[in-house]
Amino acid sequence: MGGDQKSSYVFIRDPEYAWIPAVKESSTDKTAIVRVPQYKDETSTICDGGATAKSWVDDEVDLKDYNRGVLPMQNVDQNGHLKSFPDMVNLPFLHEAALLYNLKERHRSGKPYTRTGDIVIAVNPFQWFTEIYTLKVRSRYARVLVWDNTEGDARNTVEPHVYETSALSYKGLAFDGNDQSILVSGESGAGKTETVKICMNHMASCQQGPRASSSEMSPVVQRIIESNPLLEAFGNAKTTRNDNSSRFGKYIQLQFDMGTQQQREHRSRTEATCVLAGSKCDAYLLEKNRVIAHAPEERTFHIFYQIIAARDKTKYWSKLAGTTNESFKFVGTTDTDTIEGMSDADHFANTVRVLEEIGIAGDTLMTLIQAIIIVLQLGNITYNPDPKDDDRSIVGSTKEFADLCDLMCIPAASFEVALTERTMKTRNETYKVPLNPQKAREATESFAKEIYGRSFLWLVRQINDATAGEVNYKSGTMSEFGIIGLLDIFGFESFVRNRYEQLCINYCNEKLQAKFTEDIFRSVQEEYEREGIPLDEITYDDNSDVLTLIESKTGLLAMLNEECVRPKGSDQAFVQKAIAGNKKSPCLFENRMNRCGFGIHHYAGKVMYDAEGFVESNQDTLPTDLAEAALLSDNEILKNHMTNDSCTNFKQKSNGAVSEKKRSAPARAKSNITAPTIWTKYKGQLSALMGKLQQTNSRYIRCIKPNRPKKPVLMEHLGTIEQLRCAGVVAAVTLSRSAFPNRL
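Numbered as in the UniProt record's numbering, the sequence shown ends at 744 without a single skipped number.
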């Protein structure tokens with residue numbers, strides 16, 4: 001081969017495996033001759049100098065397809081065997097292929113965690129490694145990273161782990177007095193929610209102090225940990241990617257008693273004076289549309305199946321006797337009645353147990369479960385054309401409707417009118433507009449989604465009442481706490497067909513990516529200053545163009561809201577105006593095959609959106625007729641909680657924004673189209689969230705789903721590379737590259 005053996009080991013692009021190892025034989029300015037080892041399959045494809053290859057092939061590579069016309073180098077020893085690193089910042093050659101193969105080797109070796117500077121990458125192993133989550137391991141990370149007064153970076157003495165993220169967050173709060181946040185991201189099935197639970201459990205260990213030796217949890221911690229299954233029961237669903245997929249985002253704020261002023265000024269490393277006092281949860285963007293529709297191989301929210309499978313379901317409503325999933329149109333057939341090894345019936349028993357533990361019992365429990373049953377029953381209501389007028393409709397499923405009215409304790413005649421007519425108001429008059437069967441059905445589905453969404457928020461408020469320090473700690477005498485926030489929210493999404501929900505989710509990810517880039521830039525800036533390098537040498541890409549496209553005065557948000565206010569606003573008109581008004585944006589492009597489609601160059605890649613249904617999806621106003629019908633019900637949630645957008649029942653600090661408690665409810669009296677749209681509300685929620693995060697020191701955990709079949713050991717290259725790009729890991733490496741090219 002000639003020359004330096006190690007310098008001959010390179011990576012080349014491959015359409016099936018993204019990057020594969022090769023040995024460079026020779027090269028010119030334009031091409032390189034390489035020998036490529038042929039392995040049995042993707043799992044077997046490793047950097048080992050071809051030692052386990054079944055054969056070799058020669059190939060000529062066009063160098064114009066590679067950055068700076070150079071083939072990326074392998075991080076190997078003189079025999080071509082991979083040298084893996086726990087911290088990828090220390091990789092001699094730092095690029096996309098090196099990240100992939102380093103993660104793959106650690107994944108194969110049963111090491112799910114890897115560092116990239118201050119970022120922890122968590123690869124879902126699809127198996128549980130008990131030995132890395134024991135009390136002894138938890139205590140060691142707490143002792144080494146929090147309580148031992150060591151010089152230098154103590155992380156160098158321990159293996160990468162999410163415990164380091166939780167321990168350093170606790171240390172930052174306890175000893176520096178700064179609020180902290182941990183931002184956990186990744187696609188569905190990557191392990192975000194489990195990672196958050198692992199971090200929460202570890203912080204409970206950290207706050208026990210340097211000599212913690214007990215696995216017993218305090219009642220406060222117990223209640224915080226045990227409330228999580230409730231959010232999963234009502235907010236999670238089976239999808240093609242994940243059997244227990246969170247269909248909402250959540251920001252959990254762990255509240256800590258920081259001790260007295262004297263304790264804060266003279267913080268001891270021999271005892272814990274920063275102790276967990278409670279928690280609050282903010283919920284974002286529940287996927288309400290899943291209430292009325294889901295893909296054949298998926299399920300709606302778990303709680304529906306749990307109620308139908310419950311052994312004592314008739315005590316909640318006698319008409320559930322003999323019912324199955326197929327009895328309810330919103331549920332239908334399903335290929336499983338088991339989630340994470342437990343049957344729906346057993347899950348329901350556990351759900352009820354935890355509900356009762358946080359104070360939702362007796363009549364209150366009945367109210368919640370019956371609100372969910374009302375949603376189920378609404379799905380079975382059908383409509384027929386009125387024999388006297390085809391433009392009008394009447395209820396077709398008379399028995400189902402009578403049962404529903406009985407369950408809601410509402411007069412059947414007035415409820416049928418509310419479902420089949422719409423009250424319209426102008427400045428001078430009020431009049432009724434009849435609804436045809438299709439419109440009546442759509443109104444019923446909207447009502448079902450609204451009831452479920454409000455029931456979910458009601459539950460979040462009850463959980464917060466049971467866990468918040470303001471209510472429960474020291475008899476509710478404290479209102480100021482130190483905060484460690486944990487954000488568990490959807491990762492960037494790109495499907496064959498991308499709808500309104502994907503745009504909302506990706507907008508959120510753009511906001512978080514902007515903060516991520518800002519934080520990484522700040523980290524590099526500090527390193528520059530330590531190295532004495534002039535700051536103006538840093539160059540990096542940000543996503544400000546995308547955010548401008550979405551949220552400026554002529555951006556997508558404003559255009560869509562404007563279309564929602566127009567009497568005959570349409571999806572197509574929204575798309576055409578958005579394209580016309582943003583011709584200079586480098587991030588927006590037309591879909592010439594679909595006048596109702598458009599594309600956005602997101603930071604994670606190009607996404608095509610189908611805007612069909614955007615205008616309807618963005619309107620979040622329950623028709624006055626149905627809102628007033630809900631007030632007639634005896635169900636407490638329907639009667640008194642259909643306009644409460646808050647996640648708490650108590651007053652809380654607003655961090656400079658209008659508190660949720662003070663924010664006015666949507667107006668119902670005058671018009672159905674002047675209320676805030678979903679996107680306007682969501683933007684407000686995101687602004688409040690970003691405001692909270694900006695006041696914290698943030699750490700990042702990027703969760704990776706290594707393969708679609710959810711198998712141990714296997715890592716699919718293309719999917720993993722895509723996730724690394726979406727998580728901003730490659731961008732962070734690129735930023736480090738511009739700062740310290742000698743690392744490459």
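All residues carry an ideal CB built from backbone N, CA and C; glycine is no exception.
Residue i and residue j closer than 7 Å at C-beta
i, j, result
"A122", "Y133", "no"
"L549", "C587", "yes"
"M559", "K577", "yes"
"Q377", "L404", "yes"
"Y383", "R441", "yes"
"V36", "D59", "yes"
"E357", "F650", "no"
"Y17", "Q74", "no"
"Y163", "H202", "yes"
"Y170", "V144", "no"
"E96", "L82", "no"
"E612", "D571", "yes"
"I721", "L100", "yes"
"M88", "T45", "no"
Unbroken beta strand (DSSP E) run spanning residue i, endpoints
i, result
"M203", "No beta strand (DSSP E) holds M203; the alpha helix (DSSP H) holding it covers 192-206."
"residue 748", "Lying before the first or after the last residue shown, residue 748 is absent from the chain, which here runs from 1 to 744."
"Y9", "9-14"
"R422", "421-425"
"M608", "605-610"
"E226", "That residue, E226, is in no beta strand (DSSP E); its alpha helix (DSSP H) goes 219-235."
"L71", "From DSSP, L71 is part of no beta strand (DSSP E); its letter is neither H nor E."
First through last residue of the alpha helix (DSSP H) which encompasses residue i
i, result
"E445", "437-467"
"I505", "500-531"
"Q306", "302-309"
"M559", "556-565"
"T336", "From DSSP, T336 is part of no alpha helix (DSSP H); its letter is neither H nor E."
"I637", "636-640"
Where residue i falls: helix, strand or coil (DSSP)
i, result
"S598", "Reading off the sequence, residue 598 comes out as Phe, not Ser. Strand."
"R708", "coil"
"E722", "helix"
"N384", "strand"
"E271", "coil"
"S664", "Below a pLDDT of 50, predicted positions are generally treated as unreliable, and S664, at 38, falls in that range; the measurement from the model is reported next regardless. Of the three classes helix, strand and coil, the one that applies to S664 here is coil, per DSSP."
"H81", "strand"
"A732", "helix"
"G50", "coil"
"residue 745", "Any property of residue 745 remains undetermined from this structure, which presents the chain solely from 1 to 744."
"S671", "For S671, the predicted model reports a pLDDT of 38, less than 50, meaning its position is unreliable; a value from the coordinates is still stated below. The answer is coil: DSSP assigns S671 none of H, G, I, E or B."
"T477", "coil"
"K40", "coil"
"S26", "strand"
"residue 757", "This structure leaves residue 757 out entirely; the chain is present only between 1 and 744."
"F589", "strand"
"D344", "helix"
"D625", "helix"
"G362", "helix"
"S279", "strand"
"A493", "For clarity, residue 493 is Glu in the given sequence; the question names Ala instead. The answer is coil: DSSP assigns E493 none of H, G, I, E or B."
"E60", "strand"
"D541", "coil"
Nearest to residue i (by Cα), restricted to the options the options
i, options, result
"S185", "R155, N124, I451", "N124"
"residue 760", "E590, F126, Q207", "One cannot answer for residue 760 here, as it falls past the ends of the chain, which runs 1 to 744."
"I701", "D48, P86, T195", "T195"
"R595", "Y603, H602, D344, A580", "A580"
"D179", "V713, G341, R699", "R699"
"D406", "C47, D634, L714, Y141", "D634"
"G278", "F481, A321, I360", "F481"
"T239", "Q306, I339, T314, T157", "I339"
"P86", "G49, D29, N156", "N156"
"D363", "F495, E636, A233", "E636"
"G50", "A32, M88, F11", "F11"
With a threshold of 8 Å, are at least 3 pairs of Cβ atoms found where one atom belongs to the region 280-291 and the other to the region 237-253? Using a C-beta cut-off of 8 Å, the region 280-291 makes contact with the region 237-253, since at least three inter-stretch Cβ pairs fall below that distance.
Taking three-plus beta-carbon pairs below 8 Å as touching, is the region 150-167 in contact with the region 222-237? Flag = no, the region 150-167 and the region 222-237 do not touch.
Could you tell me whether the region 514-528 touches the region 290-310, where touching means 3 or more Cβ pairs closer than 8 Å? Taking one beta carbon from each stretch, the region 514-528 and the region 290-310 have fewer than 3 pairs nearer than 8 Å; the two do not touch.
Any contact between the region 385-403 and the region 470-482? By contact I mean 3 or more CB pairs, one from each, below 8 Å. With a cut-off of 8 Å, the region 470-482 and the region 385-403 do not count as touching, because too few Cβ pairs lie within range.
For the region 365-381 and the region 447-466, state whether three or more C-beta atom pairs, one from each stretch, are separated by less than 8 Å. The region 365-381 makes contact with the region 447-466; the number of CB pairs closer than 8 Å reaches 3 or more.
Could you check whether the region 600-615 touches the region 508-518, counting it as contact only if at least three pairs of C-beta atoms, one from each stretch, sit closer than 8 Å? Counting Cβ pairs under 8 Å, three or more are found: they touch.
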